[in-house]
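Inspection log for the structure reproduced underneath, given as structure tokens.
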Amino acid sequence: MASNALDQVNSPLSSEQAEQVNRLVGSLAPEQLSWVSGYLAGLQGQPLAGSGGQPQAATARQRLTILYGSETGNAEGLARHAGELAAARGLDVRVQDMADYKPKSLRDERLLLIITATHGEGDPPDTAADFHEFLHGRKAPKLPETKFAVLALGDSSYEHFCQTGRDFDARLEALGAERLTERVDCDVDYEETAEAWLARALDGFAEHAETTGTPNNVVAFSGSGGQRATSRYDRKNPFPAEVLDRVLLNGRGSPKETHHIELSLEGSGIDYQPGDILGVVPENRDAIVGELLEALSLSGEETVSAPSGEVSLAEALKRDYEITTLTPAFVGAWADLAGADTLRALTAEERRRELMDWLEGRHVIDVVSEYPVAGLDAATLLGMLRRLQPREYSIASSHAASPGEVHLTVAAVRYESHGRAREGVASTYLADIAEPGATVPVYVRPNKHFRLPDSAETPIIMIGPGTGVAPFRAFLQEREEQGIDGGSWLFFGNPHHRTDFLYQTEWQRWLKDGVLERMDVAFSRDGAEKVYVQDRLRERGAEVWRWLEAGAHVYVCGDAERMAPDVHQALQAIARDHGGLDDEAAHDYLRELQRGKRYQRDVY
Numbered sequence: 001m002a003s004n005a006l007d008q009v010n011s012p013l014s015s016e017q018a019e020q021v022n023r024l025v026g027s028l029a030p031e032q033l034s035w036v037s038g039y040l041a042g043l044q045g046q047p048l049a050g051s052g053g054q055p056q057a058a059t060a061r062q063r064l065t066i067l068y069g070s071e072t073g074n075a076e077g078l079a080r081h082a083g084e085l086a087a088a089r090g091l092d093v094r095v096q097d098m099a100d101y102k103p104k105s106l107r108d109e110r111l112l113l114i115i116t117a118t119h120g121e122g123d124p125p126d127t128a129a130d131f132h133e134f135l136h137g138r139k140a141p142k143l144p145e146t147k148f149a150v151l152a153l154g155d156s157s158y159e160h161f162c163q164t165g166r167d168f169d170a171r172l173e174a175l176g177a178e179r180l181t182e183r184v185d186c187d188v189d190y191e192e193t194a195e196a197w198l199a200r201a202l203d204g205f206a207e208h209a210e211t212t213g214t215p216n217n218v219v220a221f222s223g224s225g226g227q228r229a230t231s232r233y234d235r236k237n238p239f240p241a242e243v244l245d246r247v248l249l250n251g252r253g254s255p256k257e258t259h260h261i262e263l264s265l266e267g268s269g270i271d272y273q274p275g276d277i278l279g280v281v282p283e284n285r286d287a288i289v290g291e292l293l294e295a296l297s298l299s300g301e302e303t304v305s306a307p308s309g310e311v312s313l314a315e316a317l318k319r320d321y322e323i324t325t326l327t328p329a330f331v332g333a334w335a336d337l338a339g340a341d342t343l344r345a346l347t348a349e350e351r352r353r354e355l356m357d358w359l360e361g362r363h364v365i366d367v368v369s370e371y372p373v374a375g376l377d378a379a380t381l382l383g384m385l386r387r388l389q390p391r392e393y394s395i396a397s398s399h400a401a402s403p404g405e406v407h408l409t410v411a412a413v414r415y416e417s418h419g420r421a422r423e424g425v426a427s428t429y430l431a432d433i434a435e436p437g438a439t440v441p442v443y444v445r446p447n448k449h450f451r452l453p454d455s456a457e458t459p460i461i462m463i464g465p466g467t468g469v470a471p472f473r474a475f476l477q478e479r480e481e482q483g484i485d486g487g488s489w490l491f492f493g494n495p496h497h498r499t500d501f502l503y504q505t506e507w508q509r510w511l512k513d514g515v516l517e518r519m520d521v522a523f524s525r526d527g528a529e530k531v532y533v534q535d536r537l538r539e540r541g542a543e544v545w546r547w548l549e550a551g552a553h554v555y556v557c558g559d560a561e562r563m564a565p566d567v568h569q570a571l572q573a574i575a576r577d578h579g580g581l582d583d584e585a586a587h588d589y590l591r592e593l594q595r596g597k598r599y600q601r602d603v604y
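Under full-length UniProt numbering, the sequence shown has 38 at position 38, and the numbering climbs by one with no breaks.
See the structure below:
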């Protein structure tokens, strides 16, 4: 920092002010420094206090609307940050969740910034689905006077990387809108890329904004009031939570390994609501780090510059980098280093599907072992790896019922592939390493789109097979604390009744006490035919329809790839078969439930 220090002699600042500036700048991360730079740049356009000349009439820029579609909260966080940066540039800004945006307003937008995630294999987040459908439908207006830019978030380990952002970008152009800045597709370690792109995009919006009248450089946030975390702990500054207890929930002989984990939040000031998410910041196992270092002929003692500071290579690989999940970018970079033409050919865009099939079940160790590179240095290796990301879990407890604690339901991921044993990074970290008394870095992410109804008297239908049942344990704990009886119906599924009936005694107690009115189970491997929660829904279709017509809210948690779509189809069939609706009307009925926050999903 010394070379960048402010020289008080050559500045208009006092020595005390210069010292304060140097102290602040020295404490800032690169993305924080970028934000402050943008803020100060924006202030340059404001009248200077004490400057001479006649006062000029104040003017405001056209409003910039920032719409976000968020799955894990990252798009929302970026949208809020973008709003602050835009306001610092003198723009009048509105930041709004797509779920709360009125599509008819689109024709009046002149400056539009879209920030969106992609869910699973190319689908829009649930919160963005309605707007996505409108924009791609016949009712979408022509937008010849709209200038736009799109920031897309995604995960390059999926085939349809950033697909929703690509959809919005292409469709806005097709409707006649003018693209001010080329779309950026951000991977899971998106911060630096997004920060640099936002600076360019917002400069472009500020340059094209027209003055309209009285200035109002206050950011208007819409659709998220009162839902942001108030704790000082987040993914970049997690709280070290002590492990209080860890219990294996499966019985002897079960092929599954599901753990109930209790963590202490004492002294953190962290609060949460049923439906919220707990982020866990894991670390890679020493054995996996050692295997990778051996394959690369590196000692691990090399000093490297990593997110956690100047540390050994082994420590950086353990705490800072993703060393299991393979990405197309890593494969391409490694192919260049290894001179592996067949591997490089596999990364061609037209072979994307083939590449994704090849990546299935492979880890970084497989590629570096099969295509060795001699003389690799530590810095080159780290430059090809993604940052190790937190893993997020649905909270399985009510803070009202368990003050100062947070509970999780975690399925340990273990399997074999390509001749090697594989393990999930966070799930086995929690299952094996996080013994009672140890600490686990955590943070809470509010999940405003998975909330109990405002009225405790509103009936709820909960659908959660496997670990998807976790938030419904929290829901019923909360209702028990509120003294609410009845109006709760749970659908639960797992392979076997004898070994996989998670939290069985708790459900039975709540049924006996009246907190839980009904429970239907589907143990898929206990009968001659496999039965799943969606099958139970269809079997109870007439009664489910009566609950829906009585105002029930529906909640789905768990597998996004198969279970959630199958449950959605079952609900649509119920609306058709028992509500007398045709296919289109049944589809619209579920859409209306989603708009009214009566159909909410937490799927992964």
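Backbone N, C-alpha and C define an ideal beta-carbon position, used for all residues, glycine too.
For the beta strand (DSSP E) assignment, the uninterrupted runs of no fewer than 3 residues enclosed by the region 424-512 are, from N- to C-terminal side, 439-445, 460-463, 488-494. For the pair R386 and D189, the CB atoms are nearer than the 8 Å cut-off.
Between the alpha carbons of E195 and A82 lies a gap of roughly 9 Å. Exposure of T505 is indicated by the presence of fewer than 16 other C-beta atoms within 10 angstroms of its C-beta.
For D485 against G514, the beta-carbon gap comes to about 4 Å, under 8 Å, which counts as contact.
In the DSSP annotation of this structure, the continuous segment of the alpha helix (DSSP H) that includes D357 starts and ends at 352-359.
Of the candidates D320, R344, L313, R344 places its Cα closest to the Cα of P328. Shown here, V533 sits in a helix according to DSSP, grouped into three states.
A209 sits in coil when the DSSP states are folded into three classes, being neither helix nor strand.
Here A401 is near E481, since their CB atoms are less than 8 Å apart. For K147, the enclosing beta strand (DSSP E) starts and ends at 147-153. Taking the Cβ atoms as the reference, R473 lies roughly 31 Å from A586, outside the contact range of under 8 Å. Residues P328, V331, G332, A335, L355 of the same chain have their beta carbon placed closer than 7 Å to that of T347, with the five preceding and five following residues left out of the count.
By the neighbour-count criterion, in which 16 or more other beta carbons inside 10 Å mark a residue as buried, N237 falls on the exposed side.
Between the region 77-93 and the region 130-143, the count of C-beta pairs closer than 8 Å stays below three; the two stretches do not touch. Straight through space, the alpha carbons of V280 and V440 are spaced by roughly 7 Å. In summary, A174 is exposed, with fewer than 16 beta-carbon neighbours lying within 10 Å of its beta-carbon over all protein chains present. In the DSSP assignment, A306 falls outside any alpha helix (DSSP H) and within the unbroken beta strand (DSSP E) covering 303-306.
Spanning the alpha carbons of D520 and W489 requires a straight line of approximately 8 Å. When the alpha-carbon of I461 is set against those of R285, L112, G551, Y503, the nearest one is in G551. With contact defined as three or more Cβ pairs closer than 8 Å, the region 427-443 and the region 280-300 are in contact. Taking 8 Å as the cut-off, the beta carbon of R362 is found closer than this to the beta carbon of L326. Two segments are said to touch when three or more pairs of C-beta atoms, one from each, lie closer than 8 Å; by this definition the region 196-203 does not touch the region 406-419. Here V184 is bridged, per DSSP, to L151. In its chain, beyond the 5 residues on either side, P465, A522, Y532, V533 have a beta carbon closer than 6 Å to the beta carbon of G493.
Beta-bridge pairing by DSSP links Q600 to Y555. DSSP places F161 in the coil class of the three-state scheme, outside both helix and strand.
By the neighbour-count criterion, in which a residue is buried when 16 or more other Cβ atoms sit within 10 angstroms of its Cβ, K318 is buried.
According to the DSSP assignment, D92 belongs to the beta strand (DSSP E) that extends over 92-97. Annotation for G279: the continuous beta strand (DSSP E) segment containing it runs 277-280. G579: not part of any beta strand (DSSP E); member of the alpha helix (DSSP H) spanning 563-579, first to last residue. Here the alpha carbons of D126 and D187 stand approximately 20 Å from one another.
Note that the C-beta distance between T258 and L244 is not below 8 Å. The beta carbon of L476 sits closer than 7 Å to the beta carbons of S488, W510, V515, L516 from its chain, once the five residues preceding and following it are set aside; these are given in chain order. The beta carbon of G275 lies closer than 6 Å to those of N447, F450, R451, P471 in the same chain, with the five residues before and after it left out.
F148 places its beta carbon less than 8 Å from that of L112.
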